[in-house]
Each structure stands twice: as structure tokens, then as C-alpha cells.
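Per our numbering, the sequence shown starts with residue 723, numbered consecutively.
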Amino acid sequence: MSSSPSPPSPISSFLEQTVSVVSSVAGYMRLPAIASTGFAALVTSLLYFKQKALIYPSSIPANARTDIPRPSQFDFRDYEELIIPTNDGEKLSAFYIRGRRRGPNSNVTVLMFHGNAGNIGHRLPIARLLISTMGCNVFMLEYRGYGISTGQPDETGLNIDAQTALDYLSDRTETRDHVLFVYGQSLGGAVAVRLVAKNQNNPNYNIGGLILENTFLSMRKLIPSIIPPAKYFALLCHQVWPSESLIPSVKVPTLFLSGLQDEIVPPIHMKRLFDLSTAPVKIWKPFPGGDHNTSVIEEGYFEAINDFMTRVTSDDPMEKI
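Written as C-alpha cells, this is what we have:
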């Protein structure tokens, strides 16, 4: 007689809930793809005049601006809920969650940038697994116009927010000497690429590595996939996010996590970013069954991040070859 399957762990259940929540944006993003050719003019108008609402759906899922899960709901005990000011007058919500103090990676902090829907609370199960697997600390930043952060999101503003987070960690006594891994999912990957490219050579920032998941070459190159009728008008997109042109300049070790069933960002985008990378250490990790939002629950996802971080932070130089 075969044994009954083991019940899912609470962390796995939380992670699946996270995927369910953020997956609700997928239909929203793909909706224009079913538009008829005759509808192209309207879609093109939306692309130009309403592109910020399309690209930054901060109110999806419902109540995403008001219903923000907190670390205490996921059994975190050692954390801070922060409000951090930007230099242009906005106030950003953030969580700083500590791993085990004096643990093997207690001097490592992951700076985490999420995708274009939901809020940081929806990604707390991911933080839980990062901490339980790696023993690191996690800093989760909420972009302007998301969650309880003030302001309205756009490319310029999100780049200011990312810089604000990096400056905060570098100025904070507790974290100024930490090795920082910048981790971005989807849109967050574009935010991460820009931040690392700009700051990697500054001695005030100890950026150890870059981790990208299901990130696009540029918003203009993504448009034909998500809004086919507007493919001839992609140049009208002023929210560019030019990761394709920035990734060759990134010289820190880089991990590429790619869901090969991604229905939003064609996997060729991630493969092209990997090919363009000139980082001395770059690792390609595909997930054959992972789509845009489920790659994080694919087998080996967190193990790949752990192996990457271990390789980068190893004191044995041979481990880095």
C-alpha cells in the first residue's frame, strides 16, 4: 500500500498563495492581445496616454493599496517596518527582516524589487524562503504609488526609489558593511539592472551580485508580446526600461532565473540578456515548467540562489571560477 502524500508545509502554502495573488495581473496584461486589428487605434491611444496605468497596475489585485500583509503574519520575529523619505519628497514603505543574527550569512542582505502588481506584503513568503534557505537578511522596498507609499509610479520615480533603498542600506550602521545582492522579479529586474549598472563601481556600495527573474529586454520590445495591435507603435512608449542596453555594462556576478513557459515576458528576453551579459560570473538557470509568476515555486529555485550567493561570497577564490 502506498503511503499518503505529506501535507504541504505552511511556507509552501503561503508561497502558492503569493503566486495566486500576483497571477491575477496576468489576464490584465494579456487582455489587449485579443483585440482585433480594427481596435488597434484605441489600443495605441491607450499605449501612449495610459501607459503608466498599464505598466504599473498598483491597485491590482483589489485592495492592493490598503491590504498589505505584515511580517508578523508570516511568523517573522526580528524585523522593522519602515517609512523612508526620497529626495523628491515621497515616503516609501519598506520591511527590513533579519535572518539569524551571527549566522553564516548574517552579513548578507538581499535588496528585493517586486514585479508590477501587488505589494511587498504579497512577497513575504519569498522573503521567508530566502531567509530560511540562505540565512541572509531581506530588505523589501515598496515603490512609490504602491501599497502605502506615496506618489505616482513611473520610470524616473522608481529609479529614485531604488537609489533611495541602496543609499539607506549603505548609510545604516547595521548594514553599511553587508554584502548586498540586488534581486528583481520582472519589472523589478529592470529596476535592479539600472541600479547595479549605475552604482557598481562606487566604493560606498558593496554590491556582491545581481539576481534577475523573468525580466524583459526593454518595455518597447515587450509591447509586441503583450499588446500585438500596438507593435508598430512601440516607440510611443516613454517608459523604456532599457535593460538590454545596460546589462553589458554590469560587471558584478549575475544569476538569470528564467521560466520557460513565461506567458508575459517571452523567455527569449532573458536568454538575450544572459548572452549580452559580460559579468565575470554569470549563471543561467531555466525552469522548464515555470511561467511568469510560478517560476518561484519551481523545484530548485531557492537552491539556485543559495548556490549563487555561496559562490560569490566564498573565501576560496577557486569557488568563484
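We treat Cβ as the ideally placed atom computed from N, Cα and C, and that holds for glycine. Nothing here was measured: the structure is a model prediction, and the numbers come from that model.
Could you check which residue in Val974, Gln907, Pro970 and Pro975 has the C-alpha nearest to that of Arg994?
Pro970
For Ile1019, tell me which candidate among Leu851, Asp997 and Lys920 has the shortest Cα-Cα distance.
Leu851
So what does DSSP say about Leu902, is it helix, strand or coil?
strand
Confirm, please, whether the CB-CB distance from Gln907 to Val974 is below 8 Å.
no
State the DSSP-derived secondary structure class of Leu909, mapped to helix, strand or coil.
helix
For Lys973, the three-state DSSP class (helix, strand or coil):
coil
Please report the straight-line C-alpha distance between Pro1008 and Ser980, rounded to a whole angstrom.
5 Å
Among Gly825, Thr1016 and Leu939, nearest to Thr855 - alpha-carbon criterion
Gly825
From Asp810 to Ala919, what does the alpha carbon distance come to, in whole angstroms?
22 Å
Do the stretch 800-817 and the stretch 893-911 meet, that is, are 3 or more Cβ pairs less than 8 Å apart?
no
Label Thr976 either buried or exposed according to how many other C-beta atoms from any shown protein chain fall within 10 Å of its C-beta, with 16 as the threshold for buried.
buried
Using the C-alpha atoms, what's the distance from Ser940 back to Pro964?
5 Å
Below 8 Å on the Cβ atoms is my guess for His900 versus Asn926; work out the distance and round it to an integer in Å.
Not confirmed; about 13 Å, so no contact.
Return the Cβ separation of Tyr905 and Ile806 in integer angstroms, given the expectation that the two are a contact with Cβ distance under 8 Å.
At roughly 18 Å, the Cβ-Cβ gap does not stay under 8 Å, so Tyr905 and Ile806 are not in contact.
Looking at the secondary structure, which residues open and close the alpha helix (DSSP H) in which Ile853 lies?
Leu846 to Met856
At which residues does the alpha helix (DSSP H) containing Ala1026 begin and terminate?
Tyr1023 to Thr1035
Thinking just about the alpha-carbon of each residue, which of Arg822, Cys959 and His844 is nearest to the one in Val830?
Arg822
Who are the near neighbours of Asn846 in its chain, counting only those whose CB is closer than 7 Å to its CB and skipping five residues on each side?
Note that residue 846 is Leu in the sequence shown here, rather than Asn. So the list reads Pro791, Pro793 and Phe796, once near-sequence residues are dropped.
Alpha carbon to alpha carbon, what distance is there between Gly873 and Ile777?
16 Å
Are Gln961 and Gln773 close, meaning C-beta to C-beta below 8 Å?
yes
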